[in-house]
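With the numbering used here, the residue at position 13 of the sequence shown is 1263, and numbering never jumps.
Cβ atoms here follow ideal geometry from the backbone N, Cα and C, with glycine treated the same way.
Here the structure is laid out as structure tokens; the discussion comes afterwards.
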Amino acid sequence: MLSFSSRSHLELLLGVNHFDLDVVRTAWQLEVSGSPFSVVWRKLRNISPALHIWNKQVFGDVFENVKKGEEVVAAAELRARADLSVETQLELQRAQANLKRLLAVEEQFWSQKARVKWLQHGDRNSSYFHLVVKQRRFQSRIHKIRDWVMDDEGIGREAVRAILSFFCGAELPRFITATSIVLLPKVMNHKDFTQFRPISMSNFLNKVLSRILVGRLSGVLPRIISLQQSGFVKGRSIVDNYLLAQELMSEMGRKCRGGNLALKLDMTKAYDRVS
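Right, here's the structure in full:
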């Protein structure tokens, strides 16, 4: 994952039509050495500074550019009022066109930021941001990641090479298996750690490996796991255990030789809900 500061505005590169893919290609093709996983990781790290430089050259500071553009338009308007010549009118039109372009870039930046921060910027075209959020709630399927990603096979080849090396016995480096743990509150006014739900954010290569292993094991597990086991059996849920326990407790009142014993285990910390 590439992390960027809030002032670099690299979110824009995912939406602009003139995004220069050669910047990524050039950074990706730099020679690096090491294991296949190290190669992928180092090439991803090479892309980050290249994109920072490209962003600074193409966009610069989005908000500062708009501010300067407004100042240029204001100055051009004053000159156009004092001088009605064709040159001053053309200068004003060029300044207004440039400001319009800068405002379009700024609006695009805010529209992308509206994903998670539209509440903080509700005074900026709030109806548009509400529409964006409402639309995202109904879109849960990703068909493709833009056309310009589908044609470049260089990144894919390196990723496949790294994944194949794992299945040939290569050890996973720490930067591949590293996971960021985030605590999400389960209630509004949280006061205790038990009121948080942990989620993990893993490296994408680690996710791919996990999916491949799940797909391969799904055809093997039915042959090695007994049907009498409650876990890891397709079609079974924790609800089945709940219903079984309820049925057993209803039988506790019956008389039997030796008596009955029920043992309750507190599982709230590991499993806080039935799903």
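query, result
"The region 1436-1449 touching the region 1479-1487, judged by at least three CB pairs closer than 8 Å", "no"
"Residue interval of the beta strand (DSSP E) (run including M1451)", "F1446 to S1452"
"Contacting residues, own chain, Cβ-Cβ under 8 Å from V1432 (five flanking each side not counted)", "P1448, I1449, S1450 and M1451"
"Own chain, CB closer than 7 Å to L1369, minus 5 neighbours either side, in chain order", "Reliability of the predicted coordinates at L1369 is poor, the pLDDT of 46 falling under 50, and the value obtained from them is presented with this limitation in mind. So no residue of the chain qualifies."
"Distance CB(L1342)-CB(A1326) smaller than 8 Å", "yes"
"Identity of the residue in E1356, T1429, S1298 and A1330 nearest G1345 by Cα", "Checking the displayed sequence, the identity of residue 1345 turns out to be Ala instead of Gly. Of the listed residues, the one whose Cα sits closest to A1345 is A1330."
"Candidates T1444, S1487 and T1276, of which the one nearest L1301 by Cα", "T1276"
"Unbroken stretches of the beta strand (DSSP E), 3 residues or longer, contained in the region 1301-1345", "none"
"Spatial distance of Q1445 from T1427 (CA atoms)", "27 Å"
"In DSSP terms, what T1429 is bridged to", "S1452"
"Every unbroken alpha helix (DSSP H) within the region 1448-1498, with a cutoff of 4 residues, ordered by chain", "1454-1467 and 1471-1474"
"Inter-residue spacing [alpha-carbon to alpha-carbon] between V1464 and N1296", "31 Å"
"Segment contact, 8 Å Cβ cut-off, at least three pairs: the region 1286-1295 with the region 1406-1424", "yes"
"N1310 vs L1349 beta-carbon contact at 8 Å", "It is Gly, not Asn, that sits at residue 1310 in the sequence shown. No."
"Cβ shell of V1458 (< 7 Å), same chain only, five flanking positions each side left out", "I1413"
"DSSP beta-bridge partners of P1435", "F1446"
"Cutoff 8 Å; reference F1416; Cβ partners in own chain excluding five residues on either side", "F1287, L1422 and L1459"
"With 16 other Cβ atoms within 10 Å as the buried cut-off, status of N1510", "exposed"
"Cβ-Cβ distance between V1355 and V1312 below 8 Å", "yes"
"Collapsed DSSP secondary structure at P1423 in the structure displayed", "coil"
"Residues of its chain near R1507, where Cβ-Cβ distance is below 6 Å and the 5 sequence neighbours each way are ignored", "none"
"Close Cβ partners of R1292 (< 8 Å) along its chain, the five nearest in sequence each way excluded", "V1282 and G1284"
"Classification of L1513 by the beta-carbon crowding that lies within 10 angstroms, buried from 16 upward", "exposed"
"Counted within 10 angstroms of its Cβ, other Cβ atoms place D1491 as buried (16 or more) or exposed", "Here residue 1491 turns out to be Asn, not Asp, going by the sequence shown. Exposed, because fewer than 16 other Cβ atoms sit within 10 Å of the Cβ of N1491."
"Nonlocal neighbours in the same chain, by C-beta distance under 6 Å from K1317, ignoring five residues either side", "none"
"N1510 (DSSP reduced to helix, strand or coil)", "coil"
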